[in-house]
Amino acid sequence: MSWTGWTVAATALGDNQMSFTRRKFVLGMGTVIFFTGSASSLLANTRQEKEVRYAMIHDESRCNGCNICARACRKTNYVPAQGSRLSIAHIPVTDNDNETLYHFFRQSCQHCEDAPCIDVCPTGASWRDEQGIVRVEKSQCIGCSYCIGACPYQVRYLNPVTKVADKCDFCAESRLAKGFPPICVSACPEHALIFGREDSPEIQAWLQ
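Count along the sequence shown from 1, then add 149; that gives the number in the numbering used here.
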């Protein structure tokens, strides 16, 4: 199985240990990159399509785990208390001074190239749009939860009010369609999230 969403995490962890200096911890943080196109074809620079494709980068060296992005997402996309489109995992690690530090990791839809959620959906409610974003057509969803069980990242949920599946779609309707970036990007006070066309200079600079 190949994934559209993929991770670049050049942390300073040793092969079998979670102990390292504070400097290595800070400098070694990598980035998490979500692409709505093929990662392999992007790196090989072979894709010929001209349609817009998006990328989101989570700069873990800037993220402080404040969860403002997640709260903004919840408000903008009317996410109920029992669900989540976006969360920030706080992963504790111990440095050489026995001080607990935290690695902040974004958890949301990876927009897989070969998306299991699309494969198992019996009604076609889970689909990919022309920009590569994996989405849910609410009018077609019957609430069977097959997609939720199939998601390898466990980032889908069944809305208890609407009884349909939901997850991150880069704020496709609430923001992108109106010319704005996803709300998490705009809300982040540390500018830890970068979003744009995958062929833009800003995004490409992260791949150098």
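Glycine included, each C-beta is placed from N, C-alpha and C at the ideal position.
Just the C-alpha distance for S321 and D246, rounded to the nearest angstrom, thanks.
Position 172 of the sequence shown, counted from the first residue, corresponds to residue 321. Position 97 of the sequence shown, counted from the first residue, corresponds to residue 246. For the record, residue 321 in the displayed sequence is Ala; it is not Ser. Annotation: A321 to D246 spans about 45 Å, alpha carbon to alpha carbon.
Would you check if the region 327 to 344 and the region 206 to 221 touch, i.e. whether three or more CB-CB distances between them fall below 8 Å?
With three or more CB-CB distances shorter than 8 Å, the region 206 to 221 counts as touching the region 327 to 344.
Could you give the C-beta distance for V285 and V310, rounded to a whole number, given that I count them as a contact under 8 Å?
Here residue 285 corresponds to residue number 136 of the sequence shown, with the count starting at 1. Here residue 310 corresponds to residue number 161 of the sequence shown, with the count starting at 1. Not a contact, Cβ separation roughly 15 Å.
Got a sec? Which residues, its chain only, sit under 8 Å from M253 by beta carbon, not counting five neighbours each side?
Translated into the one-based positions of the sequence shown, residue 253 becomes position 104. Here residue 253 turns out to be Phe, not Met, going by the sequence shown. If we look at F253 and ignore the five residues flanking it on each side, its Cβ neighbours are E209, C212, N213, G214, I237, A238, H239 and I240.
Three-state secondary structure (DSSP) of R346
By one-based count along the sequence shown, residue 346 stands at place 197. Secondary structure at R346: strand, using DSSP grouped into helix, strand and coil.
Can we say the region 288 to 307 touches the region 347 to 354, given the rule of at least three CB pairs closer than 8 Å?
No, the region 288 to 307 is not in contact with the region 347 to 354.
Whole-angstrom C-beta distance between V242 and R234, which should lie under 8 Å
Residue 234 sits at position 85 when you count from the first residue of the sequence shown. Residue 242 sits at position 93 when you count from the first residue of the sequence shown. Taking the Cβ atoms as the reference, R234 lies roughly 26 Å from V242, outside the contact range of under 8 Å.
What's the call for L356, buried or exposed, on a 16-neighbour Cβ count within 10 Å?
Counting from 1 along the sequence shown, the entry for residue 356 is found at position 207. Around the Cβ of L356, a 10 Å sphere holds fewer than 16 other Cβ atoms; the residue is exposed.
How close, in whole Å, do the beta carbons of R305 and K316 come, if the pair is a contact with beta carbons under 8 Å?
Counted from its first residue, the sequence shown places residue 305 at position 156. Counted from its first residue, the sequence shown places residue 316 at position 167. Sure, about 4 Å apart at Cβ, within 8 Å.
List the DSSP bridge partners of Y251.
By one-based count along the sequence shown, residue 251 stands at place 102. Beta-bridge pairing links Y251 to P241.
Cβ neighbours of C222 in the same chain (closer than 7 Å, five flanking residues each side left out)
As a position in the sequence shown, residue 222 is number 73, starting the count at 1. Around C222: V228, R234, L235, I332 and C333.
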